[in-house]
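Going by the numbering used here, the first residue of the sequence shown is number 1, and it counts up by one from there.
Read the structure below first, then the notes.
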Amino acid sequence: MNHQQSTSLKATTGNVPATMKALVAYGKHDYRFEANYPTPECGPDDMIIKTEACGICAGDLKCMHGAAMFWGDETQPEWVKPPFIPGHEFLGTIVEIGGNVTDFKIGDRVTADQIVPCQECRFCKRGEYWMCQPHNIFGFQGSNNGGMAEYVRYPKTAVVHKVPGQMELESALLIEPYACSKHAVDRAQIGCEDVVVISGAGPLGLGMITYARMKNPKKLIVLDLVENRLEKAKEFGADIVLNPKETDVVQTILDMTEGYGCDIYIEATGHPSSVTQGLSMIRKLGRFVEFSVFGEPTTVDWSIIGDRKELDVLGSHLSPYCYPFVIENVANGNLKTNGIVTRKFPIEQWEEAFEYASGKHGDFKVAITF
């Protein structure tokens, strides 16, 4: 995964300025635009990219609003390390390169896995780098600043991927979320006889839908509360779309399956009601994949999972080994991307960008551009 070999050459640079525009998080609810923030320095094993754009993730919003999984509470320590520059859904062009880096060159258009693995913990040594124990993800710690800045440093162990120059920006911005979507669907092990329910048709859910369609399930059913999301889900390959506000979705799924329930339920909303809904509609011995980041603790009846249905409950985190497939299949059109990136804002308008990224105005994906 390393993007270098050991030589000792001087860094090659493309005239990187000393300061840059950036959004900097100093604390929960304390995010500030900085017009002259120090540009990252390029070490011998590093690369500096000029950021093209950075998508805004639901996790970015939850972090800004102080969710405990980021900032800690009485049950968990603080994970973020401010001040930091947020953003992990970004891509750009290499403008400076360390002397030890041989696999890339100035001018390459690149993106990287969200996590920067340490390569030393038990998980990294087993190839399970997405569960790296230190867990340094771009955009949450000052040591690995993210993409809401004009320049970003890719350190030695970053998992970097080339992005085709001809790929449209609106498609390239979906590489990171779609890689997460792919991992969740892979965890579900969808077969051609499976009735699959995906709950949530935001950008990540839509990535799951377009990839799950490639698995050719017996029936692909999508649930969401927002009509334009359901329309997009249908366009991306859903056989049936249902709105839980208008339909008793649990009874509908049971009726479709002779009372047994769906074979697979993938939860992609981050809302507690979607979890309990899934446990009610999944069949005995079914597979339940939980992908979402929750803003609050969620309570369920574990007797359903154990004694009553003997379910396989599977987590899904990040996107290990998924980027190459996603880049190839976004490029060739197998994975649909049209119409998901709905707005782009300059970094100076980050507050407006975050407002639209909340989805309350009907947007799917909002990005900050440079």
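Positions of the beta carbon are idealized from the N, C-alpha and C atoms, including for glycine.
Who are the near neighbours of S292 in its chain, counting only those whose CB is closer than 7 Å to its CB and skipping five residues on each side? E267, A268, T269, G270.
When the Cα of T102 is compared with those of D45, I115, G147, G66, which residue comes out closest? The shortest C-alpha separation from T102 is found at D45.
Assigned secondary structure, G202 (DSSP; H/G/I helix, E/B strand, else coil): In the structure shown, G202 sits in coil (DSSP, three-state: anything other than H, G, I, E or B).
Contact under 8 Å by Cβ, F370 with E150: A contact, by the Cβ cut-off of 8 Å.
For the beta strand (DSSP E) that L91 lies in, which residues bound it at each end? Here the beta strand (DSSP E) through L91 covers 89 to 97.
In angstroms, rounded to a whole number, what distance separates the CA positions of I221 and A238? CA-to-CA, the gap between I221 and A238 works out to about 6 Å.
Just the C-alpha distance for P82 and W71, rounded to the nearest angstrom, thanks. Whole-angstrom Cα-Cα distance: 10 Å.
Checking contacts by CB at 8 Å: is D60 closer than that to chain C? Structure shown: chain C not included; a single protein chain is present.
Excluding the five sequence neighbours on either side, which residues of its own chain have a C-beta within less than 8 Å of the C-beta of Q4, listed in chain order? Confidence in Q4 is poor, its pLDDT being 48 and thus under 50, which makes the residue's placement too unreliable to answer from.
Considering only C-alpha positions, which residue in the set K344, V250, A201 is nearest to K234? Checked all of K344, V250, A201; the closest Cα to K234 is A201.
Going by beta-carbon coordinates alone, are G165 and S181 separated by less than 8 Å? No, they are not a contact pair.
Please state the DSSP three-state secondary structure of G27. Looking at G27 - three-state DSSP - the assignment turns out to be strand.
Give the secondary structure of C262 by DSSP, where H, G and I count as helix, E and B as strand, and everything else as coil. C262 falls in the strand class under three-state DSSP.
In terms of alpha-carbon separation, which member of E89, K62, L91, D113 lies closest to Y31? Minimum Cα distance to Y31 is reached at K62.
Whole angstroms is fine: what's the gap from G362's alpha carbon to L174's? G362 and L174 have their alpha carbons spaced roughly 18 Å apart.
In angstroms, rounded to a whole number, what distance separates the CA positions of Q114 and E258? Computed Cα separation, rounded: 42 Å.
Got a sec, what are the start and stop residues for the beta strand (DSSP E) Y151 sits in? Per DSSP, the unbroken beta strand (DSSP E) holding Y151 starts and ends at 151 to 154.
Cβ-Cβ distance between E193 and K218 below 8 Å: Result yes, Cβ atoms of E193 and K218 sit closer than 8 Å.
Reduced DSSP category for E174 - H, G, I as helix; E, B as strand; rest coil: Residue 174 is actually Leu in this sequence, not Glu. If DSSP states are grouped into helix, strand and coil, L174 belongs with coil.
Under 8 Å Cβ to Cβ from W350, same chain only, skipping five residues before and after it: list those, please. Contacts found: L23, Y31, F33, M148, I368.
L285, buried or exposed, once every other Cβ within 10 Å from all chains shown has been counted against 16: Looking at its Cβ environment, which holds fewer than 16 other Cβ atoms inside 10 Å, L285 is exposed.
Cβ-based burial, N145 [other Cβ within 10 Å; buried from 16]: N145 is buried by the Cβ-count criterion.
Assuming G286 is part of the beta strand (DSSP E), what are its boundary residues? Its beta strand (DSSP E) spans residues 282 to 290.
Three-state class that DSSP yields for F364 in the structure shown: Residue state, collapsed to three classes: coil.
Determine the direct distance from the alpha carbon of H65 to that of W79, and round the result to whole angstroms. In this structure, the straight-line span from the alpha carbon of W79 to that of H65 is close to 15 Å.
Cut-off 6 Å between Cβ atoms - residues of its own chain near E170, not counting five sequence neighbours on either side: V341, listed in sequence order.
Mapping DSSP to helix, strand and coil, what is K232? Residue state, collapsed to three classes: helix.
Is it the case that the Cβ atoms of V185 and D263 are separated by a distance below 8 Å? Not in contact: V185 and D263 (Cβ atoms no closer than 8 Å).
Grouping DSSP H, G and I as helix and E and B as strand, with all else coil, what is Y37? In the three-state reduction of the DSSP assignment, Y37 falls in the strand class, which pools E and B.
If we call anything under 8 Å between Cβ atoms a contact, is K215 one with I190? Cβ atoms of K215 and I190: closer than 8 Å.
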